[in-house]
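Heads up: the structure comes next, in structure tokens.
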Amino acid sequence: MVIGVISDTHIPVRATALPAEVMRDLKKVDMIVHAGDLVEKNVLVMLRQICPKVVAVYGNM
Numbered sequence: 008m009v010i011g012v013i014s015d016t017h018i019p020v021r022a023t024a025l026p027a028e029v030m031r032d033l034k035k036v037d038m039i040v041h042a043g044d045l046v047e048k049n050v051l052v053m054l055r056q057i058c059p060k061v062v063a064v065y066g067n068m
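Residue numbers for the sequence shown follow this note's numbering, beginning at 8 and rising by one.
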């Protein structure tokens, strides 16, 4: 199983989207772990469109 780990996305506060390179690499994984600072739930929706298995913690933002 290949797990992609991402954190501190801060979308839309500090960025409008994930970089294209990150999106490309996440399409290759079996599961995505977001380790915090999602800021908005829309990020989870976006990640689940790439990979249905997403685990996330909200973080401190």
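Just so it is clear, CB atoms sit at the ideal spot from N, CA and C, and this is done for glycine as well.
Remember, it's a predicted structure, so these values are computed and weren't measured experimentally.
ask   = Are there 16 or more other CB atoms within 10 angstroms of the CB of residue 20, so buried, or fewer, so exposed?
value = exposed
task = Could you give the DSSP three-state label for residue 39: helix, strand or coil?
result = strand
ask   = Is it buried or exposed for residue 39, if we count other Cβ within 10 angstroms and need 16 for buried?
value = buried
request  = May I ask you to report which of helix, strand or coil DSSP gives residue 64?
outcome  = coil
request  = Taking residue 37 as the reference, give the member of 24, 43, 54, 47 with the closest Cα.
outcome  = 54
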